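Asker: Using my numbering, the first residue of the sequence shown is number -13, and each one after it goes up by one. Don't be surprised by glycine CBs; every beta carbon is placed ideally from N, CA and C. Here the structure is a predicted model, which means the values were calculated and not measured.
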Amino acid sequence: MARRIVHQLVDDLDGTVLDVGSGETVLFSLDGIAYEIDLTADNAEAFRAVLAPYVAGARRVSAARSSAGASAARRRRRTGQPDYGDVRAWAKHNGYTVSERGRVPASVLEAYEAAH
(Lines of atoms letter the chains of each structure in order from A and count residues from 1; the text may use other names and numbers.)
(Lines give C-alpha, C1' and ligand atoms only; values in the text may rest on other atoms or scores of the structure.)
Protein backbone atom coordinates (compact mmCIF):
# COMPACT_ATOMS: atom_id res chain seq x y z
CA MET A 1 0.00 0.00 0.00
CA ALA A 2 1.40 3.40 -0.96
CA ARG A 3 1.07 6.44 1.21
CA ARG A 4 1.16 10.03 0.03
CA ILE A 5 1.71 12.85 2.47
CA VAL A 6 0.79 16.28 1.17
CA HIS A 7 1.92 19.45 2.89
CA GLN A 8 -0.17 22.50 2.17
CA LEU A 9 0.62 26.06 3.10
CA VAL A 10 -2.44 27.91 4.27
CA ASP A 11 -2.96 31.65 4.77
CA ASP A 12 -2.79 32.09 8.53
CA LEU A 13 -5.52 34.77 8.49
CA ASP A 14 -8.25 33.51 6.22
CA GLY A 15 -7.43 29.84 5.64
CA THR A 16 -6.87 30.13 1.88
CA VAL A 17 -4.77 27.24 0.57
CA LEU A 18 -1.61 28.65 -1.01
CA ASP A 19 -0.62 26.99 -4.27
CA VAL A 20 3.07 26.29 -4.86
CA GLY A 21 4.74 29.58 -5.71
CA SER A 22 1.83 31.72 -4.53
CA GLY A 23 1.58 33.71 -1.35
CA GLU A 24 4.52 34.34 0.90
CA THR A 25 5.87 34.00 4.39
CA VAL A 26 6.17 37.44 5.96
CA LEU A 27 8.74 37.86 8.72
CA PHE A 28 8.44 40.64 11.30
CA SER A 29 9.51 41.45 14.84
CA LEU A 30 7.73 43.22 17.67
CA ASP A 31 9.02 43.85 21.17
CA GLY A 32 12.07 41.68 20.56
CA ILE A 33 10.09 38.66 19.39
CA ALA A 34 10.39 37.48 15.77
CA TYR A 35 7.27 36.21 14.01
CA GLU A 36 6.45 34.71 10.64
CA ILE A 37 3.06 34.42 9.01
CA ASP A 38 1.99 32.74 5.76
CA LEU A 39 -0.22 35.05 3.68
CA THR A 40 -1.78 35.35 0.24
CA ALA A 41 -0.32 38.12 -1.90
CA ASP A 42 -3.35 40.33 -1.15
CA ASN A 43 -3.11 39.80 2.61
CA ALA A 44 0.65 40.41 2.56
CA GLU A 45 0.06 43.69 0.71
CA ALA A 46 -2.63 44.71 3.21
CA PHE A 47 -0.32 43.81 6.13
CA ARG A 48 2.45 46.00 4.71
CA ALA A 49 0.00 48.85 4.05
CA VAL A 50 -1.14 48.80 7.69
CA LEU A 51 2.46 48.86 8.91
CA ALA A 52 3.66 51.49 6.38
CA PRO A 53 3.16 54.57 8.61
CA TYR A 54 4.94 52.86 11.51
CA VAL A 55 7.80 51.70 9.29
CA ALA A 56 8.13 55.21 7.85
CA GLY A 57 8.53 56.66 11.35
CA ALA A 58 10.85 53.93 12.62
CA ARG A 59 14.63 53.62 12.69
CA ARG A 60 16.10 50.73 10.77
CA VAL A 61 18.21 48.32 12.81
CA SER A 62 21.27 46.93 11.06
CA ALA A 63 21.11 43.28 10.09
CA ALA A 64 24.56 42.86 11.63
CA ARG A 65 23.05 43.52 15.04
CA SER A 66 21.76 40.41 16.68
CA SER A 67 18.43 40.39 18.45
CA ALA A 68 16.95 37.76 20.72
CA GLY A 69 14.45 36.83 18.01
CA ALA A 70 17.13 36.38 15.37
CA SER A 71 19.27 34.14 17.57
CA ALA A 72 16.21 32.08 18.53
CA ALA A 73 15.39 31.63 14.84
CA ARG A 74 18.94 30.46 14.19
CA ARG A 75 18.72 27.94 17.03
CA ARG A 76 15.55 26.45 15.55
CA ARG A 77 17.36 25.33 12.40
CA ARG A 78 18.21 21.65 12.58
CA THR A 79 21.85 20.74 12.97
CA GLY A 80 23.52 20.40 9.60
CA GLN A 81 20.67 22.07 7.72
CA PRO A 82 22.14 24.75 5.42
CA ASP A 83 20.61 28.19 5.00
CA TYR A 84 19.20 28.39 1.48
CA GLY A 85 18.17 32.08 1.68
CA ASP A 86 20.84 33.20 -0.80
CA VAL A 87 20.03 30.32 -3.14
CA ARG A 88 16.31 31.16 -3.09
CA ALA A 89 16.99 34.85 -3.75
CA TRP A 90 19.33 34.01 -6.64
CA ALA A 91 16.85 31.49 -8.08
CA LYS A 92 13.95 33.96 -8.04
CA HIS A 93 16.13 36.66 -9.62
CA ASN A 94 17.14 34.22 -12.36
CA GLY A 95 13.66 32.97 -13.25
CA TYR A 96 13.48 29.75 -11.23
CA THR A 97 10.37 28.93 -9.23
CA VAL A 98 11.18 28.01 -5.64
CA SER A 99 9.02 27.91 -2.54
CA GLU A 100 9.69 30.15 0.45
CA ARG A 101 10.28 27.15 2.69
CA GLY A 102 11.11 23.52 2.32
CA ARG A 103 13.33 21.70 -0.10
CA VAL A 104 15.21 23.50 -2.87
CA PRO A 105 15.25 21.38 -6.05
CA ALA A 106 18.61 19.79 -6.91
CA SER A 107 18.54 21.39 -10.37
CA VAL A 108 18.33 24.85 -8.77
CA LEU A 109 21.18 24.05 -6.37
CA GLU A 110 23.33 22.83 -9.26
CA ALA A 111 22.59 25.98 -11.29
CA TYR A 112 23.39 28.17 -8.29
CA GLU A 113 26.70 26.40 -7.66
CA ALA A 114 27.61 26.62 -11.35
CA ALA A 115 26.95 30.37 -11.30
CA HIS A 116 29.11 30.95 -8.23
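Applying the criterion that 16 or more other CB atoms from any shown protein chain within 10 Å of the CB defines a buried residue, is valine 3 buried or exposed?
Answerer: As a working mapping, residue 3 is identified with position 17 in the sequence shown. Counting Cβ neighbours within 10 Å, valine 3 comes out exposed, since fewer than 16 surround it.
Asker: Whole angstroms is fine: what's the gap from valine 36's alpha carbon to methionine -13's?
Answerer: Mapped onto the sequence shown, residue 36 falls at position 50. Mapped onto the sequence shown, residue -13 falls at position 1. Straight-line Cα distance between these residues: approximately 49 Å.
Asker: Leaving out five residues before and five after aspartate 0 in sequence, what residues of the same chain have Cβ atoms less than 8 Å from its Cβ?
Answerer: For the purposes of this step, residue 0 is identified with residue 14 of the sequence shown, where counting begins at 1. Excluding sequence neighbours, aspartate 0 sits near Thr26 and Asn29.
Asker: Just to confirm, are aspartate 5 and aspartate 24 a CB contact at a threshold of 9 Å?
Answerer: The sequence position of residue 5 within the sequence shown is 19, counting from 1. The sequence position of residue 24 within the sequence shown is 38, counting from 1. Not a contact, by the Cβ cut-off of 9 Å.
Asker: Whose C-beta lies closer than 6 Å to the C-beta of isoleucine -9 among residues of the same chain, with five residues either side of it excluded?
Answerer: Along the sequence shown, read from residue 1 onward, the residue named residue -9 stands at position 5. Correct list: empty, nothing qualifies.
Asker: Would you mind sorting tyrosine 98 into buried or exposed? The rule is 16 or more other CB atoms within 10 Å of its CB.
Answerer: Taking the sequence shown and counting its residues from 1, the one referred to as residue 98 is at position 112. Tyrosine 98 should be labelled buried.
Asker: Near glycine 7, what residues of its chain come up, given a Cβ to Cβ distance below 6 Å and the 5 sequence neighbours on each side ignored?
Answerer: Counting from 1 along the sequence shown, the entry for residue 7 is found at position 21. Same-chain partners within the cutoff: Thr83.
Asker: Indicate whether leucine -5 and serine 85 have their beta-carbon atoms separated by less than 9 Å.
Answerer: In the sequence shown, counting from the first residue as 1, residue -5 sits at position 9. In the sequence shown, counting from the first residue as 1, residue 85 sits at position 99. It is a contact, given that the beta carbons lie within the stated cut-off.
Asker: Do you know how far the Cα of alanine 100 is from the Cα of glycine 81?
Answerer: Indexing the sequence shown from 1 puts residue 81 at position 95. Indexing the sequence shown from 1 puts residue 100 at position 114. Each residue's Cα considered, the two are about 15 Å apart.
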